[in-house]
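Structure first, then comments.
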Amino acid sequence: MADTADARLIAYGKLIEALPGLLNAEGRAALCDWLAERQVMHDGQEDPGAVIVEGLEVELAIAQVFRDLSERFECRQP
């Protein structure tokens with residue numbers, strides 16, 4: 002089972018590496034928009050400092066990965 006999980010992660014990594022060369026300008030813009038929507042965890046709180054992060058580590062880490070991908074694909078920041 003570990004071999005399958007490792008193979009999946011390797012395949013995903015190769016896909017991420019190939020994406021910039023596979024997308025035209027319109028596709029790249031759509032991807033950047035999609036990533037921008039996911040870079041911040043939306044919790045319904047108005048004051049981001051008031052959010053308790055305990056128990057949200059995975060969600061925050063996922064948002065960070067989307068920010069990293071946005072930088073990797075050289076998406077313009079809003």
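Just add 1 to the spot in the sequence shown (first one is 1) and you have the working numbering.
We put the CB at the ideal spot given by N, CA and C, even for glycine.
Alpha carbon to alpha carbon, what distance is there between residue j and residue i?
i          : j          : result
residue 12 : residue 55 : 32 Å
residue 9  : residue 15 : 10 Å
residue 18 : residue 33 : 15 Å
Below 7 Å CB to CB, which residues in the same chain sit around residue i once its five sequence neighbours on both sides are set aside?
i          : result
residue 41 : 64
residue 39 : 64, 67
residue 36 : 67, 70, 71, 76
residue 60 : 42
Comparing alpha-carbon positions, which option in the options lies nearest residue i?
i          : options   : result
residue 77 : 31, 62, 7 : 31
Over the uninterrupted alpha helix (DSSP H) stretch that includes residue i, give me the two end residues.
i          : result
residue 67 : 58–73
residue 24 : Run containing residue 24: none; DSSP gives neither H nor E here.
By Cβ distance below 8 Å, which residues in the same chain neighbour residue i in space, the five residues on each side in sequence not counted?
i          : result
residue 20 : 32, 74
If we define contact as Cβ-Cβ less than 8 Å, is residue i a contact residue for chain D?
i         : result
residue 5 : Chain labels in this structure do not include chain D; a single protein chain is all it has.
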